[in-house]
Amino acid sequence: MSNGVVQSTRLMSVTELAGRYVDLIPWHRFGYCASNSLIFKAIQGYNKVHILDFSITYCMQWPTLIDALAKRPEGPPSLKITVPSFRPPVPPLLNISSHEVGLRLANFSKFREVPFEFNVINGNVIHSSSSSPPNYYNSSPDENTTSHHDNEEYNSSTFQFELLLTHLNASSLNLQDDEALVVNFQNWLRYLPDNNDNNSNSLRDSFLNTIKGLNPRIVVVVDEDSDLNASSLSSRITTCFNYLWIPFDALETFLPKDSCQRMEYESDIGHKIQNIIGFEGFQRIERLESGATLSQRMRNAGFLSIPFGEDTIKEVKALLDEHASGWGMKKEEEDHMLVLTWKGHSSVFSTAWVPIITNLDADDEDD
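Per full-length UniProt numbering, the sequence shown runs over residues 1 to 367.
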């Protein structure tokens, strides 16, 4: 690992990603459940929904939401999902391309009778794949579309965020006035470079300012609840020790030490720790900040937090009942956060936000 990029043990199939990674412990499902509940409420009354999805788990969140949309009494909206083809070079790694992920979602949407379109921001082109009655998946990859494994997305330790920023505008994304725009961050914002310099905006701040300019209906942010972005090495070592014991301990409760599934998961955590404490500068890509720190950053960027309702809390509790008894949940009233806990220790936070529209913003929209 000479260049600081987190190396994965191997590429996973979609089935393995679901069963051996996402469903193993509620680390990811917690965020999916909390986010989807608020998204579903935020888009009520809309016939068109556009999700701008920034995630490291290849759209595993969306079949559940698609299923819920299919059951709407007034009928499902048309759903468009846009993802970047490039992603942080971190596990899990999938053995199919972004285009193939979109194909699988389109097939599922066809089965649930939800009109569907899938867009991939790929280099200088946004490729589109759609499903709508009667032809649910009516496009095929052209010569510019990534149809091979997405290994090229992991060739550099510096993620192409600046290139992505150039595509985050209404024209490039083909945003429509009558669609509800949803922005979804799942374990993703931590990989945006952050210079920790109070005298200038970091790329992380610039990214959030750009998102606010898109005027989304809702922004959901889910990530691990720990500050691992300190400039001090000793501070990062201490925080790693005090936080990353949690997944190891959780796996200990139901998987034997010689379990291949457990060894793979623990190996990925080990690579994360190595990057946090063994590298600096652009090679240190793991730059996690806690829910409280992230919430302050969101407020500084001009967002207002949304509280979680009782229905959402009940859904999350039902999810946690399917897992070991050590998992729990707490509600942070000040920042309107839901926090996944293991034996009382904070693990993952979930928050939701709306942009604060000022008079100046309104004047700009009128122009």
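Here a beta-carbon is modelled for each residue, glycine too, at the ideal position from N, C-alpha and C. Since the model is a prediction, treat every value here as computed from it, not as a measurement.
Option nearest F303 by Cα separation, candidates L255, D227, E266 and N209: One-based indexing of the sequence shown puts residue 303 at position 303. For the residues L255, D227, E266 and N209, the minimum Cα distance to F303 belongs to N209.
Residue from P26, A18, L17 and V22 whose Cα sits closest to the Cα of G328: Numbered from 1 along the sequence shown, position 328 holds the residue referred to as residue 328. Closest option to G328, Cα to Cα, is P26.
A180, enclosing beta strand (DSSP E) - first and last residue: As a first step, residue 180 is located in the sequence shown; it is residue number 180 there, counting from the start. A180 -> beta strand (DSSP E) spans A180 to Q186.
Chain-order list of residues whose beta-carbon lies under 8 Å from that of D227 (same chain, five-residue window excluded): Numbered from 1 along the sequence shown, position 227 holds the residue referred to as residue 227. T239, L288, E289, S290 and T293, listed in sequence order.
Cβ-based burial, P17 [other Cβ within 10 Å; buried from 16]: Translated into the one-based positions of the sequence shown, residue 17 becomes position 17. At residue 17 the sequence reads Leu, which differs from the Pro that was named. Burial check for L17: the Cβ neighbour count within 10 Å reaches 16 or more, so the residue is buried.
Outcome for K80 when other beta-carbon atoms lying within 10 angstroms are tallied against a minimum of 16: For this step, residue 80 is matched to residue 80 along the sequence shown. Per the 10 Å Cβ criterion, buried.
Presumed contact (8 Å Cβ cut-off) between D223 and N187, rounded CB distance: As a working note, residue 223 is residue 223 in the sequence shown. As a working note, residue 187 is residue 187 in the sequence shown. Rounded, the Cβ-Cβ distance is 5 Å, consistent with contact.
Proximity below 8 Å, CB of L168 to CB of L214: What you label residue 168 is simply residue 168 of the sequence shown in a count that begins at 1. What you label residue 214 is simply residue 214 of the sequence shown in a count that begins at 1. Yes, the Cβ-Cβ distance between L168 and L214 is below 8 Å.
Under 8 Å between C-beta atoms of residue 410 and V49: Shown here, the chain extends from 1 to 367; a query on residue 410 therefore has no answer.
Residues near K330 in its chain [Cβ-Cβ closer than 7 Å; skip 5 each side]: As a working mapping, residue 330 is identified with position 330 in the sequence shown. These residues qualify, in order along the chain: V339 and T341.
Within 8 Å, strictly: CB atoms of I269 and F254: Here residue 269 refers to the residue found at position 269 when the sequence shown is read from its first residue. Here residue 254 refers to the residue found at position 254 when the sequence shown is read from its first residue. In this structure, I269 sits away from F254, with a CB-CB distance that is not shorter than 8 Å.
Simplified DSSP state of F30, which is helix, strand or coil: Residue 30 sits at position 30 when you count from the first residue of the sequence shown. Secondary structure of F30 (DSSP, three-state): helix.
Among I246, I39 and R190, the one whose alpha carbon lies nearest that of S347: Position 347 of the sequence shown holds residue 347. Of I246, I39 and R190, the residue nearest in Cα terms is I246.
For E152, the three-state DSSP class (helix, strand or coil): Position 152 of the sequence shown holds residue 152. Any answer about E152 is weak, because its pLDDT of 40 lies below 50 and its placement is not dependable; what the coordinates show is given next. Three-state DSSP puts E152 in a helix.
Neighbourhood of T146 by C-beta, 7 Å cutoff - its chain only, sequence neighbours within 5 removed: The residue given as residue 146 occupies position 146 in the sequence shown. Note that T146 scores a pLDDT of 36, beneath 50, so its modelled location is shaky and nothing firm can be said.
Option in R297, P256 and P63 with minimal Cα separation from G102: Along the sequence shown, one-based indexing puts residue 102 at 102. Ranking the options by Cα distance to G102, first place goes to P63.
Enclosing alpha helix (DSSP H) for I81 [first to last residue]: If you number the sequence shown from 1, residue 81 lands on position 81. Not the alpha helix (DSSP H): I81 falls in the beta strand (DSSP E), residues S78 to P84.
Ordered list of beta strand (DSSP E) runs contained in the UniProt region "SAW" (278 to 354), each at least 3 residues: Entirely contained in the UniProt region "SAW" (278 to 354), the beta strand (DSSP E) runs reaching 3 residues are, in chain order, 303 to 305, 327 to 332 and 337 to 342.
Inter-residue CB distance, R112 and I66 (contact presumed, cutoff 8 Å): Residue numbering aside, residue 112 sits at position 112 when the sequence shown is read from its first letter. Residue numbering aside, residue 66 sits at position 66 when the sequence shown is read from its first letter. Rounded, the Cβ-Cβ distance is 6 Å, consistent with contact.
Inter-residue CB distance, P355 and K212 (contact presumed, cutoff 8 Å): In the sequence shown, counting from the first residue as 1, residue 355 sits at position 355. In the sequence shown, counting from the first residue as 1, residue 212 sits at position 212. Between P355 and K212, the beta carbon gap of about 5 Å places them in contact (Cβ cut-off 8 Å).
Euclidean distance between Cα positions of H336 and T351: Numbered from 1 along the sequence shown, position 336 holds the residue referred to as residue 336. Numbered from 1 along the sequence shown, position 351 holds the residue referred to as residue 351. So the alpha carbons of these two residues sit roughly 7 Å apart.
Residues near Q160 by beta carbon distance below 6 Å, same chain, minus five either side: If you number the sequence shown from 1, residue 160 lands on position 160. When the five nearest sequence neighbours on each side are left out, the beta carbons in the same chain lying within less than 6 Å of the beta carbon of Q160 are those of F86, in order along the chain.
M60 (DSSP reduced to helix, strand or coil): Counting from one through the sequence shown, the residue named residue 60 turns up at place 60. In the structure shown, M60 sits in coil (DSSP, three-state: anything other than H, G, I, E or B).
Contact check, R185 vs V221, beta carbons under 8 Å: For this step, residue 185 is matched to residue 185 along the sequence shown. For this step, residue 221 is matched to residue 221 along the sequence shown. For the sequence presented, residue 185 should be read as Phe rather than Arg. Yes. Within cutoff.
Own chain, CB closer than 6 Å to M60, minus 5 neighbours either side, in chain order: Start at 1 with the first residue of the sequence shown, and residue 60 comes out as number 60. Only V22 meet the Cβ criterion.
Beta-bridge pairing of D177 - partner residues as DSSP gives them: Here the question's residue 177 lines up with position 177 in the sequence shown. Under DSSP, D177 takes part in no beta bridge, so it has no partner.
V22, DSSP secondary structure in three states: For the purposes of this step, residue 22 is identified with residue 22 of the sequence shown, where counting begins at 1. The answer is helix: DSSP assigns V22 an H, G or I state.
Simplified DSSP state of V220, which is helix, strand or coil: Counted from its first residue, the sequence shown places residue 220 at position 220. DSSP, reduced to helix, strand and coil, places V220 within a strand of the structure shown.
I56 beta carbon less than 8 Å from that of V90: In the sequence shown, residue 90 corresponds to position 90, counting from 1. In the sequence shown, residue 56 corresponds to position 56, counting from 1. In contact: V90 and I56 (Cβ atoms closer than 8 Å).
C-beta atoms of A70 and V120 nearer than 8 Å: Within the sequence shown, numbered from 1, the residue matching residue 70 stands at position 70. Within the sequence shown, numbered from 1, the residue matching residue 120 stands at position 120. For the 8 Å CB-CB criterion, A70 and V120 do not form a contact.
E74 to K41 span [Cα, whole Å]: As a first step, residue 74 is located in the sequence shown; it is residue number 74 there, counting from the start. As a first step, residue 41 is located in the sequence shown; it is residue number 41 there, counting from the start. About 14 Å.
Per-residue burial, D53 [other beta carbons within 10 Å of its own, 16 or more giving buried]: In the sequence shown, residue 53 corresponds to position 53, counting from 1. So D53 ends up on the buried side.
Whole-Å CB distance - G326 paired with K314, under 8 Å assumed: By 1-based counting over the sequence shown, the position of residue 326 is 326. By 1-based counting over the sequence shown, the position of residue 314 is 314. Their Cβ separation, rounded to whole angstroms, is 20 Å, which puts G326 and K314 out of contact at 8 Å.
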